[in-house]
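Participant:
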Amino acid sequence: MEDENAFPAVENNVLSTIVVARAAREHGAEKLVLVSTDKAVNPANVMGASKRLAEMVCQALQNGNPQFVIVRFGNVLGSTGSVVPRFREQIARGGPVTVTHPEVQRYFMSIPEATQLVLQAAMMGQGGEIYVLDMGEPVRIGDLAKDLIRLSGFSEHDIRVEYTGLRPGEKLYEEPLADAEKTLSTPHPKLRIARARPVHSARLVDELIAWLDAPRLRDAEEVREALHHWMPEYGPKPNPGARFATPISAKPGPGRP
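So, in structure tokens, the structure goes:
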């Protein structure tokens, strides 16, 4: 999504939100829940910025029903695209298990817990809130990879962990809340309400549709410039050691020369 698919990422996350929101209003839906991401906090990449823009769309459209409720997530263990199934596949092939950086950390929760918290937020939401989930403590991805290797019956000498370097737009750490945001407690101990920058522009949705529908090709740089126009806080953040790519030395794993 960061380079060759930057514009499709915005279409997928922003245009689809507009379409679904309008359909919900047309058919009298009482509530619409947008599942967002912690990458929308101080977004450093196209994916996070497009999700923050989807949040802004919901806030701009909030006027009566449906009530738009936004829930920001970290990573859900075992979900499509999650690291755990990928690590298991790499272990089954004999490794190596690839991690971008030794210090990269992410928040995780289980599928049942994530589902319950989305439903709780939907029940409590009155429209326009951004709910932030208490994701607990962040997990170091390198440690997760090593734990899975051991739980699979191998040692790090059998299957090595290889660090490949951070990808474009990737952060070392995700943030559950932006620096300028404040949170309010809710009756649920694992849900808080974030007070993000308010969206005042009633023309936001019309501006977005005009840009998305314009009949021309858009390269990644144009997409990033447009995202920065709507979100001054969007921009790549410095990551120490971003080019770190030294693999851990290890003995050959099973099935490998």
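Taking the working numbering, the leading residue of the sequence shown gets 43, the next gets one more, and so forth. For glycine and all other residues, C-beta sits at the position ideal for the given N, C-alpha and C.
Can you check the stretch 219-281 for any alpha helix (DSSP H) of at least 4 residues that lies completely inside it and give the ranges in chain order?
Facilitator: Complete alpha helix (DSSP H) runs here, min 4: 246-255 and 262-272.
Participant: Kindly indicate which three-state DSSP category R202 falls into: helix, strand or coil?
Facilitator: Three-state result, R202: coil.
Participant: Which residue wins for smallest C-alpha separation from I112, given the options A91, Y173 and K73?
Facilitator: For I112, the nearest C-alpha among the options comes from Y173.
Participant: So what's K73 in DSSP terms, helix, strand or just coil?
Facilitator: If DSSP states are grouped into helix, strand and coil, K73 belongs with the strands.
Participant: Closest to V61 by CA distance: which of D261, L254, A268 and V265 is it?
Facilitator: Comparing Cα-Cα distances from V61 to each of D261, L254, A268 and V265, the minimum goes to L254.
Participant: Closer than 8 angstroms by C-beta to T59: which residues in its own chain qualify, once you throw out the five before and the five after it? Chain order, please.
Facilitator: Here the set comprises L76, A96, V99 and C100.
Participant: Thinking C-alpha only, which one of V118, R237 and I191 is nearest H199?
Facilitator: When only C-alpha atoms are compared, the closest one is I191.
Participant: When the Cα atoms are used, what is the spatial distance from E249 to H270?
Facilitator: Each residue's alpha carbon lies about 14 angstroms from the other.
Participant: Nearest CA to the CA of V139: which residue from G195, E204, S121 and L119?
Facilitator: The option with the nearest alpha carbon to V139 is E204.
Participant: Select from E179, F115, Q109 and G90 the residue whose C-alpha is nearest the C-alpha of V52.
Facilitator: Out of E179, F115, Q109 and G90, G90 has the C-alpha closest to the C-alpha of V52.
Participant: Can F150 and N107 be called in contact, C-beta distance under 9 angstroms?
Facilitator: No, they are not a contact pair.
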